[in-house]
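> These protein sequence lines map, in sequence, to chains V and X.
For what it's worth, the working numbering labels the leading residue of the first sequence as 2, then goes sequentially.
For what it's worth, the working numbering labels the leading residue of the second sequence as 2, then goes sequentially.
Number of protein chains: 2
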Amino acid sequence: MRITTVGLDADDTLWHNETIFRLTQDRFRALMADVAAPEVLEARLAAVEKRNLSLYGYGVKGFTLSMIETAMELTGNAAPARLVSDILAAGREMLSHPVEPLPGVEQALAELSEHHRLVLITKGDLLHQEQKLAASGLGDLFVGVEIVSEKDAGTYARVFERHGTGAAEAAMCGNSMRSDILPALEAGAWAAHVPYPLVWAHELAEAPGEHPRFAELASISELPAWVRTVAQA
Amino acid sequence: MRITTVGLDADDTLWHNETIFRLTQDRFRALMADVAAPEVLEARLAAVEKRNLSLYGYGVKGFTLSMIETAMELTGNAAPARLVSDILAAGREMLSHPVEPLPGVEQALAELSEHHRLVLITKGDLLHQEQKLAASGLGDLFVGVEIVSEKDAGTYARVFERHGTGAAEAAMCGNSMRSDILPALEAGAWAAHVPYPLVWAHELAEAPGEHPRFAELASISELPAWVRTVAQA
Numbered sequence: 002m003r004i005t006t007v008g009l010d011a012d013d014t015l016w017h018n019e020t021i022f023r024l025t026q027d028r029f030r031a032l033m034a035d036v037a038a039p040e041v042l043e044a045r046l047a048a049v050e051k052r053n054l055s056l057y058g059y060g061v062k063g064f065t066l067s068m069i070e071t072a073m074e075l076t077g078n079a080a081p082a083r084l085v086s087d088i089l090a091a092g093r094e095m096l097s098h099p100v101e102p103l104p105g106v107e108q109a110l111a112e113l114s115e116h117h118r119l120v121l122i123t124k125g126d127l128l129h130q131e132q133k134l135a136a137s138g139l140g141d142l143f144v145g146v147e148i149v150s151e152k153d154a155g156t157y158a159r160v161f162e163r164h165g166t167g168a169a170e171a172a173m174c175g176n177s178m179r180s181d182i183l184p185a186l187e188a189g190a191w192a193a194h195v196p197y198p199l200v201w202a203h204e205l206a207e208a209p210g211e212h213p214r215f216a217e218l219a220s221i222s223e224l225p226a227w228v229r230t231v232a233q234a
Numbered sequence: 002m003r004i005t006t007v008g009l010d011a012d013d014t015l016w017h018n019e020t021i022f023r024l025t026q027d028r029f030r031a032l033m034a035d036v037a038a039p040e041v042l043e044a045r046l047a048a049v050e051k052r053n054l055s056l057y058g059y060g061v062k063g064f065t066l067s068m069i070e071t072a073m074e075l076t077g078n079a080a081p082a083r084l085v086s087d088i089l090a091a092g093r094e095m096l097s098h099p100v101e102p103l104p105g106v107e108q109a110l111a112e113l114s115e116h117h118r119l120v121l122i123t124k125g126d127l128l129h130q131e132q133k134l135a136a137s138g139l140g141d142l143f144v145g146v147e148i149v150s151e152k153d154a155g156t157y158a159r160v161f162e163r164h165g166t167g168a169a170e171a172a173m174c175g176n177s178m179r180s181d182i183l184p185a186l187e188a189g190a191w192a193a194h195v196p197y198p199l200v201w202a203h204e205l206a207e208a209p210g211e212h213p214r215f216a217e218l219a220s221i222s223e224l225p226a227w228v229r230t231v232a233q234a
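(1) Does E162(V) come out as helix, strand or coil in the three-state DSSP assignment?
(2) State buried or exposed for E40(X), treating a residue as buried only when at least 16 other CB atoms are found within 10 Å of its CB.
(3) Classify G210(X): buried if its beta carbon has 16 or more other beta carbons within 10 angstroms, exposed otherwise.
(4) If you count every other CB in all the chains shown that lies within 10 Å of the CB of P104(V), and 16 or more means buried, which is it?
(5) Would you please state the rounded distance, in angstroms, between the beta carbons of G60(X) and G125(X)? I believe it to be under 8 Å.
(6) When DSSP labels each residue in this structure, what does E107(V) get in the three-state scheme?
(7) Does any residue of chain V bring its CB to less than 8 Å from the CB of R93(X)?
(8) Can you confirm whether L96(X), when its beta carbon is compared against all beta carbons of chain V, has any partner nearer than 8 Å?
(9) Is there a Cβ of chain X sitting closer than 8 Å to that of L48(V), yes or no?
(10) Tell me, to the nearest whole angstrom, how far the beta carbon of L84(X) is from that of L9(X); I am working on the premise that it is less than 8 Å.
(11) When you check each C-beta in the segment 57-76 of chain V against every C-beta of chain X, which residues fall closer than 7 Å?
(12) With 7 Å as the C-beta to C-beta threshold (strictly closer), list the residues of the segment 147-167 of chain V near chain X in chain order.
(13) So for A154(V), helix, strand or coil by DSSP?
(14) Assuming T156(V) and P184(V) are in contact, meaning their beta carbons sit under 8 Å apart, how far apart are those beta carbons, in whole angstroms?
(15) Can you list, in chain order, the residues of its chain whose CB lies under 7 Å from that of M73(X), leaving out five sequence neighbours each side?
(16) By DSSP, does H129(V) sit in helix, in strand, or in coil?
(17) Could you name the residues that DSSP lists as bridge partners for F22(V)?
(18) For S86(X), which residues in chain V fall below 7 Å Cβ to Cβ?
(19) For the alpha helix (DSSP H) that contains G1(X), what are its first and last residues?
(20) Considering only residues of the segment 196-231 of chain V, which uninterrupted beta strand (DSSP E) runs meet the minimum length of 3 residues and lie entirely inside it, listed in chain order?
(21) Measuring alpha carbon to alpha carbon, tell me which residue in L186(X), A34(X) and S86(X) is nearest A169(X).
(22) Residue range of the beta strand (DSSP E) that A192(V) falls in?
(23) Going by the CB atoms, is the gap between L128(X) and G58(V) shorter than 8 Å?
(24) Throw me the rounded Cβ distance for the A193(V) and L224(V) pair, which I believe falls under 8 Å.
(25) What does A82(X) touch in chain V if you count any residue whose Cβ is under 7 Å from its own?
(26) Can you name the residues of chain X whose CB is closer than 7 Å to the CB of L42(V)?
(27) Would L121(X) count as contacting chain V if we go by Cβ distances under 8 Å?
(28) Between which residues of its own chain and L205(X) is the CB-CB distance below 8 Å, once the five residues before and five after are set aside?
(29) Could you check the C-alpha separation between L54(X) and E131(V) for me, to the nearest Å?
(30) Do we get a CB-CB distance below 8 Å when we pair E131(V) with the residues of chain X?
(31) Using a threshold of 8 Å, state whether the C-beta atoms of L113(X) and V228(X) are closer than that.
(32) Using the beta-carbon count (16 or more within 10 Å), is D13(X) buried or exposed?
(33) Establish whether the CB of L134(V) and some CB of chain X are separated by less than 8 Å.
(34) When you compare the CB positions of I21(X) and A171(X), do they come within less than 8 Å of one another, or not?
(35) Please confirm whether A32(X) has its beta-carbon closer than 8 Å to some beta-carbon of chain V.
(36) Helix, strand or coil: which one does DSSP assign to E70(X)?
Below, the structure is given as structure tokens:
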């Protein structure tokens, strides 16, 4: 089986993302300590995010707007002085947070790029994802970067057609069953799941179970060997 | 001269955009009437937007965050009740504003699409631009959609390579001298400027003057004939 192209998710596959969101949520909880109990705040924020998802999409700017909206709702539109400014500052800090590749990423990508075309496939804010890729120093390893608003089977079919030789000769690697694995398999590609310790609730989904084109890897360091095995089968 | 591909800007070329921003600014001015004089508000908002541009990029979400930041600065972090919620609501309304093609757009695109590959090339929020294109009903006329974080000569070279036969056999049409015309000419493409009555200050730039590959058109309705002239030259 020829594998010409390897697709890689970005957030929580190549670098930390959910951790940064969780740290910001901790900070939000502290800012709102006098207003709402942690579980009330969390439930309300999740509800506001869900309500806004179709309008804001994925990314830090929409998340910041949702935090502000949550604060206004829970304070009855009378947020304490500085609260809104502090939330704005937290959002800006997320956008300018340093980006460091996760352990093993650089070596795995360098190895893969010797024999395969690497394509970055990610959701989120266009500009922010481009900035993170630039800051990571990994940009030169990719022949294509696709920042998309939704990851479904059609997305993977299009991207692997555009940058490679179709989904049947492509492998996708990412931390989200829902966004990276299931739709890539549906498109006919191979898919390797590399878990990240934290998963955003919205991205949770069941593993595909026994699937001939699926693998569960403990670390991205195992990806080159797995792709090699697939290519030699 | 063969013209295989025609690139089209979206906002204020195919549908209204700046008008919607100005209407929201009017509303912001009314909300802030007790806090700041209109010219103070405008100057501060422009400064905040400029400061945030490298972090937020282009689009409604970043603009909404900048309006909130401006309000917090001008009220000394003590915004009147409801103000922040009203700004959030104004932002959401911009995102769900109906999209209607500008006069002449549908016919011009239908005519052009008979002989050329049409590619949409636009800045802004990824999800929002996709949603506007879908709502406009123009989506089927385009063979490619490129939502980019910056429009420079390199962007046009890449896009016309990817979707056509290179910049030398492509024409770009848009309302912004700075983003649509000058960099497309620099990349070696042809370029037609169709002005929109309002221009965001950030997009202002001098016309290229006497340039062999440039045309100033009064309306997008003149675009098919101009492209025909170029192709026959």
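Virtual Cβ for every residue (Gly too), placed ideally from N, Cα, C.
The answer reads as follows:
(1) Start at 1 with the first residue of the first sequence, and residue 162(V) comes out as number 161. Of the three classes helix, strand and coil, the one that applies to E162(V) here is helix, per DSSP.
(2) Counting from 1 along the second sequence, the entry for residue 40(X) is found at position 39. E40(X) should be labelled exposed.
(3) Taking the second sequence and counting its residues from 1, one reaches residue 210(X) at position 209. Flag for G210(X) reads exposed.
(4) Within the first sequence, residue 104(V) is the residue found at index 103, counting from 1. It counts as exposed.
(5) Taking the second sequence and counting its residues from 1, one reaches residue 60(X) at position 59. Taking the second sequence and counting its residues from 1, one reaches residue 125(X) at position 124. Confirmed, about 4 Å.
(6) As a first step, residue 107(V) must be located in the first sequence, where it is residue number 106. Reduced to three states, the DSSP call for E107(V) is helix.
(7) Start at 1 with the first residue of the second sequence, and residue 93(X) comes out as number 92. So yes, R93(X) belongs to the interface.
(8) Taking the first residue of the second sequence as 1, we reach residue 96(X) at position 95. Yes, its Cβ sits closer than 8 Å to a Cβ of chain V.
(9) Counting from one through the first sequence, the residue named residue 48(V) turns up at place 47. It should be pointed out that residue 48(V) corresponds to Ala in this sequence rather than to Leu. Cβ-Cβ to chain X under 8 Å: no for A48(V).
(10) Mapped onto the second sequence, residue 84(X) falls at position 83. Mapped onto the second sequence, residue 9(X) falls at position 8. Not a contact, Cβ separation roughly 38 Å.
(11) Under the 7 Å Cβ criterion, the segment 57-76 of chain V contributes Y57, G58, K62, G63, T65, L66, I69, E70 and M73.
(12) Contacts with chain X (Cβ-Cβ distance below 7 Å) from the segment 147-167 of chain V involve I148 and S150, listed in chain order.
(13) By 1-based counting over the first sequence, the position of residue 154(V) is 153. A154(V): helix per DSSP, three-state reduction.
(14) Translated into the one-based positions of the first sequence, residue 156(V) becomes position 155. Translated into the one-based positions of the first sequence, residue 184(V) becomes position 183. Their Cβ separation, rounded to whole angstroms, is 7 Å, which keeps T156(V) and P184(V) in contact under 8 Å.
(15) One-based indexing of the second sequence puts residue 73(X) at position 72. So the list reads A80, once near-sequence residues are dropped.
(16) Looking up residue 129(V) in the first sequence gives position 128. In the structure shown, H129(V) sits in a helix (DSSP, three-state: H, G or I).
(17) Against the first sequence, residue 22(V) aligns to sequence position 21. None; F22(V) has no bridge partner.
(18) As a first step, residue 86(X) must be located in the second sequence, where it is residue number 85. Ordered by position in chain V, the residues that pass the 7 Å Cβ test against S86(X) are M73 and N78.
(19) Past the boundaries of the shown model lies residue 1(X); chain X is included only from 2 to 234, so the question cannot be answered.
(20) 215-217
(21) Position 168 of the second sequence, counted from the first residue, corresponds to residue 169(X). Closest option to A169(X), Cα to Cα, is L186(X).
(22) The residue labelled residue 192(V) in the question sits at position 191 within the first sequence. Unbroken beta strand (DSSP E) run through A192(V): W191 to H194.
(23) In the first sequence, the residue the question calls residue 58(V) occupies position 57. In the second sequence, the residue the question calls residue 128(X) occupies position 127. It is a contact, given that the beta carbons lie within the stated cut-off.
(24) In the first sequence, counting from the first residue as 1, residue 193(V) sits at position 192. In the first sequence, counting from the first residue as 1, residue 224(V) sits at position 223. With a Cβ gap of about 6 Å, A193(V) and L224(V) count as contacting.
(25) For this step, residue 82(X) is matched to residue 81 along the second sequence. Residues of chain V passing the Cβ test: N78 and A79.
(26) The sequence position of residue 42(V) within the first sequence is 41, counting from 1. In chain order: nothing, as chain X lies at least about 17 Å away.
(27) Here residue 121(X) is taken as the residue at index 120 of the second sequence, counted from 1. Judged by the 8 Å Cβ criterion, L121(X) is not in contact with chain V.
(28) On the second sequence, position 204 is the one that residue 205(X) refers to. M178 and R179, listed in sequence order.
(29) Along the second sequence, read from residue 1 onward, the residue named residue 54(X) stands at position 53. Along the first sequence, read from residue 1 onward, the residue named residue 131(V) stands at position 130. L54(X) and E131(V) have their C-alpha atoms some 14 Å from each other.
(30) The residue given as residue 131(V) occupies position 130 in the first sequence. Contact of E131(V) with chain X is assigned, a C-beta pair being separated by under 8 Å.
(31) Position 112 of the second sequence, counted from the start, is the residue given in the question as residue 113(X). Position 227 of the second sequence, counted from the start, is the residue given in the question as residue 228(X). Cβ distance < 8 Å, so L113(X) and V228(X) count as in contact.
(32) Residue mapping note: residue 13(X) aligns to position 12 of the second sequence, counting from 1. Buried: at least 16 other Cβ atoms inside 10 Å.
(33) Locating residue 134(V) in the first sequence gives position 133, counting from the first residue. Chain X contact via Cβ: absent.
(34) Against the second sequence, residue 21(X) aligns to sequence position 20. Against the second sequence, residue 171(X) aligns to sequence position 170. Not in contact: I21(X) and A171(X) (Cβ atoms no closer than 8 Å).
(35) To locate residue 32(X), count along the second sequence from 1; it is residue 31. Checking the displayed sequence, the identity of residue 32(X) turns out to be Leu instead of Ala. Judged by the 8 Å Cβ criterion, L32(X) is not in contact with chain V.
(36) As a working mapping, residue 70(X) is identified with position 69 in the second sequence. It is helical.
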